[in-house]
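First residue of the sequence shown? That's 39 in this note's numbering, and the numbers climb one at a time after it.
Quick reminder that beta carbons are idealized off the backbone N, C-alpha and C, glycines included.
Model, not experiment: these values are computed from the prediction.
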Amino acid sequence: MRDSIMYQEDAYVVLETNQPEQFFTPEELLTKLQGILVTRQDELPRDLQKFATVEAQAKYLMETSCELDVGAGEYLQWYVVRLEK
């Protein structure tokens, strides 16, 4: 039996070129990815091209990847973290 806690997302740590690490809520990361993807529709990775909306592309990316190619010498990575209360 799967442990449902394995699939809970409290936050994401986001690593970005020339930025300190940041903690994002799932909604904040989704918004960030949508903002990037909306400007890159002509150069999407093949697996994202099958989705009709930017929101669907961003959700798929959040669920299946941990990085996005944002250009030569630049990076955007994210990792799920669970925050202790």
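Drop a sphere of 10 angstroms on the beta-carbon of residue i, count the other beta-carbons inside from all chains shown, and report buried for 16 or more, exposed for fewer.
i	result
ALA96	buried
MET44	Confidence at MET44 is low in this model, with a pLDDT of 47, below 50, so the placement of that residue is unreliable and no value is reported for it.
VAL92	buried
LEU126	No statement about residue 126 is possible, as the shown extent of the chain runs from 39 to 123 and does not include it.
So residue i is in the alpha helix (DSSP H); what residue range does that whole segment cover?
i	result
TYR98	92-102
What does a CB cutoff of less than 6 Å around residue i pick up in its chain, not counting 5 residues either side in sequence?
i	result
GLU54	LEU114
LEU121	ASP48, ALA49
Starting from the C-beta of residue i, find all residues in its chain whose C-beta is less than 8 Å away, skip the five residues before and the five after it, and write them out in chain order.
i	result
GLU137	Outside the displayed span of the chain (39 to 123) sits residue 137, for which this structure offers no information.
TRP116	TYR50, VAL51, VAL52, LEU53, PHE62, LEU67, MET100, CYS104, GLU105
Where does the unbroken beta strand (DSSP E) through residue i begin, and where does it stop?
i	result
VAL118	114-119
Do the region 69-83 and the region 95-103 make contact, defined as three or more Cβ pairs closer than 8 Å? At 8 Å Cβ cutoff, the stretches touch.
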